[in-house]
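J.: Chains as they are written, first to last, in this note's numbering: chain A, 3 to 125; chain B, 198 to 478. Beta carbons are placed, not taken as given, at the ideal position from N, Cα and C, and that holds for glycine. It should be emphasised that the depicted structure is a prediction, and the values quoted were computed from it without experimental measurement. Sharing a structure, written as structure tokens. Questions coming.
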Amino acid sequence: MRNPAKLVSSAASVIAVLGTLALAPVAVSAEESSVIDEGKKLAFDRKKGNCLACHQIAGGDMAGNIGPPLIAMKARFPDKAKLREQIYDARIANPNTIMIPFGPHQVLSESEIDKVVEYIYSL
Amino acid sequence: MKKIALLVTALIAVGILPIVANAAPEDDLKAFRAYFKKRFPDTSFQEFTNGNYAVGIASADKRAQWEDAEEFPPYELPLEKGQKLFETPFANGKTYASCFKNGGIGIRQYYPYYDPNTKSIKTLEGEINECRVKNGEKPLKWKKGDIAAISAYMASTSRGKAIDIKVPDEPEALAAYERGKHHYYAKRGQLNMSCADCHMYNSGSYIRADLLSASLGHPTGFPVYRAKWGSLGTMHRRFGGCNKQVRAKPYKAQSDEYKALEYFLNYMSNGQKVNAPSYRQ
């Protein structure tokens with residue numbers, strides 16, 4: 003990923019086009035928010051997701067820039083199942099990707115992936 | 198047919214096709230150089246030998262810090278020690294010089310090489326230990342310590358000389374080359390990454406806080422003095438570290454696998470000048 007800035011701006015324009023509709027705040031239950039917190043921990047943990055190695059994520063320090071910044075995920079992945087597929091096995095979208103096949107290589111368990119997806123989807 | 202070949206070369210050059218087809222080593226070399234030239238238009242061929250401190254890859258700040266470190270480099274002492282060890286006779290009165298062409302001076306650029314007699318790849322560290330054993334001494338431990346110091350001293354006498362590795366048209370030489378090339382491009386470990394993923398396709402990017410260097414020029418500074426190690430280390434020490442990062446089981450230092458990888462990478466650095474030892478963070 004050589005030009006994250008470009009991606010950010012195109013993601014931003016997607017949001018602009020979709021307007022507030024897609025991003026209208028939805029009430030989040032306490033249960034959901036604890037799942038999101040756990041997902042965040044897993045995503046930031048160097049021994050688990052370590053997503054910051056490659057992606058900028060709000061609130062994460064010293065992020066790498068190999069992959070695109072993870073922002074506005076609902077706009078980029080209207081279909082949550084697609085987002086899960088990307089995190090489960092990035093090779094489906096790009097067979098030559100450097101992104102870790104978290105699911106098939108059992109770097110994260112199924113339930114850990116579910117939590118990470120909830121967190122990423124909240125970004 | 199010719200058109201297709203041209204197209205394939207062009208696609209490789211612009212980095213669309215990974216270089217995996219069974220091409221002749223010379224063709225691989227051309228494509229490898231072209232890839233990095235295109236990726237880093239502001240970095241000269243020789244400049245790549247400075248790893249992630251190279252102009253066009255490092256920030257000006259990072260580059261300046263490294264230049265400062267190279268003024269009074271922490272490898273001075275181990276380098277002096279290496280020279281002393283190199284010049285001190287064995288119990289039988291002979292020295293390392295007796296085992297090498299030109300007394301071991303100014304020859305690093307020819308290593309590793311394919312030896313037709315044993316039909317195997319010979320590394321500089323490998324021959325340092327062969328020399329010891331031949332003269333009744335115990336072999337040194339690989340990867341760091343005295344062997345890295347001696348190797349660094351020998352390499353330092355080649356500073357400024359261009360790497361000159363041949364892959365002769367013999368089945369065993371080509372097999373070793375292909376083995377190294379395969380190691381370089383193959384995904385490995387639980388994290389499923391190849392050397393090329395980090396040091397080719399994402400060179401110049403940051404992985405977490407680490408700026409990824411280009412493989413073009415990787416070997417010239419070895420053995421390197423790495424602050425994180427607090428000592429000199431050989432290429433095989435680094436290979437093991439990079440294998441572990443992706444949770445792959447590292448091979449043994451001086452295994453056929455790492456010798457082949459070293460052979461491949463040095464061949465890919467042909468024409469670049471030795472600048473060992475180098476300082477790394």
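Tell me which same chain residues have a C-beta within less than 8 Å of the C-beta of A:Glu112, skipping the five on either side of it?
T.: Within the first sequence, the letter at position 110 stands for residue 112 of chain A. Result list for A:Glu112: Gly105, in chain order.
J.: Measure the C-alpha to C-alpha separation of B:Lys449 and B:Glu459 and round it to an integer number of angstroms.
T.: Translated into the one-based positions of the second sequence, residue 449 of chain B becomes position 252. Translated into the one-based positions of the second sequence, residue 459 of chain B becomes position 262. The alpha-carbon atoms of B:Lys449 and B:Glu459 are separated by roughly 13 Å.
J.: Residues in the region 412 to 431 of chain B with C-beta within 9 Å of chain A's C-beta atoms, listed in sequence order?
T.: none
J.: Which chain A residues sit within Cβ distance under 7 Å of B:Ile404?
T.: On the second sequence, residue 404 of chain B is found 207 positions in, with the first residue counted as 1. Simply Ala55, Cys56, Gly66 and Ile68.
J.: Since B:Tyr293 sits in a beta bridge, which residues does DSSP pair it with?
T.: On the second sequence, position 96 is the one that residue 293 of chain B refers to. In the DSSP output, where bridge partners are listed per residue, B:Tyr293 has none listed.
J.: In its own chain, which residues sit with a C-beta less than 6 Å from the C-beta of B:Ser410, not counting the 5 before and 5 after it?
T.: As a first step, residue 410 of chain B is located in the second sequence; it is residue number 213 there, counting from the start. Same-chain partners within the cutoff: Gly248 and Asn249.
J.: Taking only the alpha-carbon atoms, compute the straight-line gap between B:Ala406 and B:Gly301 and give it to the nearest angstrom.
T.: As a working mapping, residue 406 of chain B is identified with position 209 in the second sequence. As a working mapping, residue 301 of chain B is identified with position 104 in the second sequence. Looking at the two C-alpha atoms, the distance is approximately 39 Å.
J.: Does B:Asp312 come out as helix, strand or coil in the three-state DSSP assignment?
T.: Here residue 312 of chain B refers to the residue found at position 115 when the second sequence is read from its first residue. Strand at B:Asp312.
J.: Going by DSSP in three states, B:Ile302 sits in which element: helix, strand or coil?
T.: Here residue 302 of chain B is taken as the residue at index 105 of the second sequence, counted from 1. B:Ile302 falls in the coil class under three-state DSSP.
J.: Quick check: the Cα distance between B:Lys235 and B:Phe242, rounded to an integer number of angstroms?
T.: Walking along the second sequence from the start, residue 235 of chain B turns up at place 38. Walking along the second sequence from the start, residue 242 of chain B turns up at place 45. Cα to Cα, B:Lys235 sits roughly 11 Å from B:Phe242.
J.: Counting only C-beta atoms, is B:Asn249 closer than 8 Å to chain A at any point?
T.: For the purposes of this step, residue 249 of chain B is identified with residue 52 of the second sequence, where counting begins at 1. Chain A contact via Cβ: absent.
J.: Between the Cα of B:Gln451 and the Cα atoms of B:Tyr422, B:Glu273, B:Arg376 and B:Gly323, which residue gives the shortest distance?
T.: Along the second sequence, one-based indexing puts residue 451 of chain B at 254. Of the candidates B:Tyr422, B:Glu273, B:Arg376 and B:Gly323, the one whose C-alpha sits nearest the C-alpha of B:Gln451 is B:Gly323.
J.: Identify each residue in the region 382 to 399 of chain B for which the Cβ-Cβ distance to at least one residue of chain A is less than 8 Å, and report them in chain order.
T.: Hits within the stretch, in order: Gln387, Leu388, Asn389, Met390, Asp394, Cys395, Tyr398 and Asn399.
J.: Taking C-beta pairs closer than 8 Å, name the residues in chain B that A:Ile115 reaches, listed in chain order.
T.: As a first step, residue 115 of chain A is located in the first sequence; it is residue number 113 there, counting from the start. None at all; the shortest Cβ gap to chain B is about 15 Å.
J.: In the DSSP assignment, find the unbroken beta strand (DSSP E) run with A:Gly66 in it and report its ends.
T.: Looking up residue 66 of chain A in the first sequence gives position 64. Here A:Gly66 belongs to no beta strand (DSSP E), and DSSP marks it neither H nor E.
J.: What does B:Leu408 pair with, by DSSP beta-bridge criteria?
T.: For the purposes of this step, residue 408 of chain B is taken as residue 211 along the second sequence, with counting starting at 1. Paired residue(s): B:Tyr403.
J.: Can you pull out the residues from the region 85 to 106 of chain A whose beta carbon lies closer than 8 Å to at least one beta carbon of chain B?
T.: Asn98, Ile100, Ile102 and Pro103
J.: By the three-class DSSP mapping on this structure, what secondary structure does A:Ser111 have?
T.: Residue mapping note: residue 111 of chain A aligns to position 109 of the first sequence, counting from 1. Reduced to three states, the DSSP call for A:Ser111 is coil.
J.: With three or more C-beta pairs closer than 8 Å as the rule, is the region 256 to 273 of chain B touching the region 418 to 432 of chain B?
T.: Yes: the two stretches touch, three or more of their Cβ pairs being nearer than 8 Å.
J.: Give the secondary structure of B:Lys319 by DSSP, where H, G and I count as helix, E and B as strand, and everything else as coil.
T.: Residue 319 of chain B sits at position 122 when you count from the first residue of the second sequence. Three-state DSSP puts B:Lys319 in a strand.
J.: Excluding five sequence neighbours on each side, which residues of the same chain lie with their C-beta closer than 7 Å to the C-beta of A:Leu171?
T.: In the structure as shown, chain A starts at 3 and stops at 125, and residue 171 of chain A therefore has no counterpart that could be examined.
J.: For a test of the three-state rule: what should DSSP assign to B:Val421, helix, strand or coil?
T.: Position 224 of the second sequence, counted from the start, is the residue given in the question as residue 421 of chain B. B:Val421 falls in the strand class under three-state DSSP.
J.: Over the uninterrupted beta strand (DSSP E) stretch that includes A:Ser124, give me the two end residues.
T.: Walking along the first sequence from the start, residue 124 of chain A turns up at place 122. No beta strand (DSSP E) holds A:Ser124; DSSP gives it neither H nor E.
J.: Check B:Ala255 in the structure and name its three-state DSSP category.
T.: Counting from one through the second sequence, the residue named residue 255 of chain B turns up at place 58. Here B:Ala255 sits in strand by DSSP.
J.: Looking at C-alpha atoms only, which residue of B:Asn467, B:Asn389, B:Tyr307 and B:His396 is the closest neighbour of A:Pro97?
T.: Position 95 of the first sequence, counted from the first residue, corresponds to residue 97 of chain A. Measuring from the Cα of A:Pro97, the nearest candidate turns out to be B:Asn389.
J.: A:Met1 by DSSP, collapsed to three states: which one?
T.: Since the first residue shown for chain A is 3 and the last is 125, residue 1 of chain A is missing from the structure and cannot be characterised.
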